[in-house]
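> Quick one: the structure is below, questions incoming.
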Amino acid sequence: MNTNPRPLQSAATAQRLHHAMKRLRARLRTESGQHATGLTLTQLGVLTSVVREGQVTAAELATLEHVSPQSIAQSLAVLKAAGLVHTEPDPQDGRRKLVSADPSATELVERLLAGRADFLARAIDRVVAPEELPDLDKAIELLERLAGADLSDGAI
0 MNTNPRPLQS AATAQRLHHA MKRLRARLRT ESGQHATGLT LTQLGVLTSV
50 VREGQVTAAE LATLEHVSPQ SIAQSLAVLK AAGLVHTEPD PQDGRRKLVS
100 ADPSATELVE RLLAGRADFL ARAIDRVVAP EELPDLDKAI ELLERLAGAD
150 LSDGAI
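Counted from 1, the sequence shown has number 155 at position 156 by numbering that gives the first Met the number 0; the numbering is strictly sequential.
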């Protein structure tokens, strides 16, 4: 019989964290105007990667976004039809296509990111007391560590 309460506490904490992150992501999408773009979260993630990376291949995007090549192809088809990305042959390997962002895509991504940052700054100012700011910094540090956790060996 396992008398260690930590696995149960971790599971409950994981559920609370997941729920809180889900609510915050939904709020950020609403506040930034993401819903009005008509693009899915996956499509916007791909678009953001193209804007940040510059010219990139679909295979590189699949790796960056941790999705299948088929998923990238579907997202790129939508983004290309919307005029947000363009493709051209790779000058070093004509069989490959390089994807690049249209200037309108850069403006869109910058607007969405600014909207998210603005909402978060206003929310922090309104609901986080000055004496709680170190707690928020610690929470951010913990979230960054969780995001970077390498669990490939199964150890904690």
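Heads up, the beta-carbon is just placed ideally off N, CA and C, and yes, glycines get one too. From a predicted model like this one, the values you see are computed outputs, not experimental measurements.
Can you tell me whether DSSP reads Ala164 as helix, strand or coil?
Outside the shown range of the chain (0 to 155) lies residue 164, about which nothing can therefore be said.
> What do you get for Gln33, buried or exposed, if any count of 16 or more other CB atoms within 10 angstroms of its CB means buried?
By one-based count along the sequence shown, residue 33 stands at place 34. The residue is buried, with at least 16 neighbouring Cβ atoms inside 10 Å.
> With DSSP as the reference, label Gly147 as helix, strand or coil.
Start at 1 with the first residue of the sequence shown, and residue 147 comes out as number 148. In this structure, Gly147 counts as coil in the three-state DSSP scheme.
> Give me, in chain order, the residues of the same chain whose beta-carbon lies closer than 6 angstroms to that of Thr36; leave out the 5 immediate sequence neighbours on both sides.
Looking up residue 36 in the sequence shown gives position 37. Taken in chain order, the list of residues that qualify is empty.
> Let me make sure I understand the geometry here. Which of Leu23, Ala104, Thr12 has the alpha-carbon closest to that of Ser48?
Taking the sequence shown and counting its residues from 1, the one referred to as residue 48 is at position 49. The candidate whose alpha carbon is nearest that of Ser48 is Ala104.
> Using the Cα positions of Gly114 and Ser31, report the straight-line distance between them to the nearest angstrom.
Locating residue 114 in the sequence shown gives position 115, counting from the first residue. Locating residue 31 in the sequence shown gives position 32, counting from the first residue. Taking the straight line joining both Cα atoms gives about 4 angstroms.
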